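Written out below as structure tokens is the structure these notes cover.
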Amino acid sequence: MGTSISHPNKLWLASASPRRRELLDQMQVRHEVLRVPSPPGEDEPRLAGESPIDYVCRTAYDKAQRARQWLETHEAQSSGQPILAADTTVALGDEIFGKPNDAEQAALFLRRLSGTTHQVLSAVVIDVGAKRLHALSISEVSFAHLKDEEIVDYCRTGEPMGKAGAYAIQGRAALFVSHIAGSHSGIMGLPIRETYALIEQAGLSTLMPWRAS
Numbered sequence: 089m090g091t092s093i094s095h096p097n098k099l100w101l102a103s104a105s106p107r108r109r110e111l112l113d114q115m116q117v118r119h120e121v122l123r124v125p126s127p128p129g130e131d132e133p134r135l136a137g138e139s140p141i142d143y144v145c146r147t148a149y150d151k152a153q154r155a156r157q158w159l160e161t162h163e164a165q166s167s168g169q170p171i172l173a174a175d176t177t178v179a180l181g182d183e184i185f186g187k188p189n190d191a192e193q194a195a196l197f198l199r200r201l202s203g204t205t206h207q208v209l210s211a212v213v214i215d216v217g218a219k220r221l222h223a224l225s226i227s228e229v230s231f232a233h234l235k236d237e238e239i240v241d242y243c244r245t246g247e248p249m250g251k252a253g254a255y256a257i258q259g260r261a262a263l264f265v266s267h268i269a270g271s272h273s274g275i276m277g278l279p280i281r282e283t284y285a286l287i288e289q290a291g292l293s294t295l296m297p298w299r300a301s
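Mapping of the sequence shown onto the working numbering: position 75 corresponds to residue 163, and the numbering continues sequentially without gaps.
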């Protein structure tokens, strides 16, 4: 672990997701994106016997660990600064729906989710150098029964690409949703309430100017 910084001036966001950055902006958390090279492929492979919850928690921890190693190697002056990493996945029972490889797979995912209630799991990790704090958000999303032409038209927009479950609830896919139970921001990729609690727990509230005392 890097040397602890007693008064950090920002949070490193170990994610290229514009949605997570927008949500941190909404919270008014001072942060900067840390672009850490990812392993080959869109999603990390699932381990044998690994539940969806164990999977999303492990991948969030892995992202935090890679970010810490990268920061200590490439940003010596900032190596002790706190890091936030997160991962989101969609699960229907024990089946995981990650990011689709192409429009055909995106359409397959959406046909499977049509008319069902699935879970969106978002794990958040804050690495403060000496320890890692974590939280998990579990939300339920119910989809209406989708017409095949709706699915095809949606996939043509390109919006499903790079999205867990092949949809973005903050985009056109909101038209498909009949009910939500849980965290809307968690479904987007970063549960605000859980993230705020972790920031407070880590003693980083000064990174939010409106909370600084």
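Built from N, CA and C at the ideal position, the CB exists for glycine as well.
Just so it is clear, the structure is predicted and the values come from calculations on it, not from any experiment.
CA-CA distance, residue 143 to residue 191, rounds to 24 Å. Counting of Cβ neighbours within 10 angstroms places residue 186 among the buried residues, the total reaching 16 or more. Inclusion of residue 214 and residue 136 in the CB contact set at 7 Å is not warranted, their separation being larger than that value. Straight-line measurement puts the Cα of residue 101 at about 14 Å from the Cα of residue 150. DSSP places residue 257 in the coil class of the three-state scheme, outside both helix and strand.
Closest by C-alpha distance to residue 236, out of 256, 98 and 197, is 197. Within the same chain, Cβ atoms closer than 8 Å to the Cβ of residue 119 are found at 98, 99, 100, 101, 109, 112, 172 and 295, the five residues on either side in sequence being excluded.
Secondary structure remark: continuous beta strand (DSSP E) runs of at least 3 residues inside the segment 186-232, in chain order: 205-215 and 220-231. Between residue 254 and residue 297, the C-beta gap is not smaller than 7 Å, which leaves the two residues out of contact. Collapsing the DSSP output to three states places residue 293 in a helix. DSSP places residue 178 in the strand class (E or B) of the three-state scheme. When the Cα atoms are used, residue 299 and residue 280 turn out to be separated by approximately 15 Å. In this structure the segment 170-184 does not lie against the segment 240-249, because fewer than three pairs of beta carbons, one per stretch, are closer than 8 Å. In the structure shown, the three-state DSSP call for residue 266 is strand.
By the C-beta density criterion, residue 206 is buried, having at least 16 other C-beta atoms within 10 angstroms. Boundaries of the beta strand (DSSP E) harbouring residue 120: 119-121, taken from the DSSP string. Residue 111 is not bridged by DSSP to any residue.
Note on geometry: alpha-carbon atoms of residue 204 and residue 249 lie some 21 Å from one another. Its Cα nearest to that of residue 212, the residue 146 stands out among 234, 146, 232 and 115. Around the beta carbon of residue 140, a 10 Å sphere encloses 16 or more other beta carbons of the protein chains shown; the residue is thus reported as buried. When only Cα atoms are considered, residue 153 and residue 169 end up about 13 Å apart.
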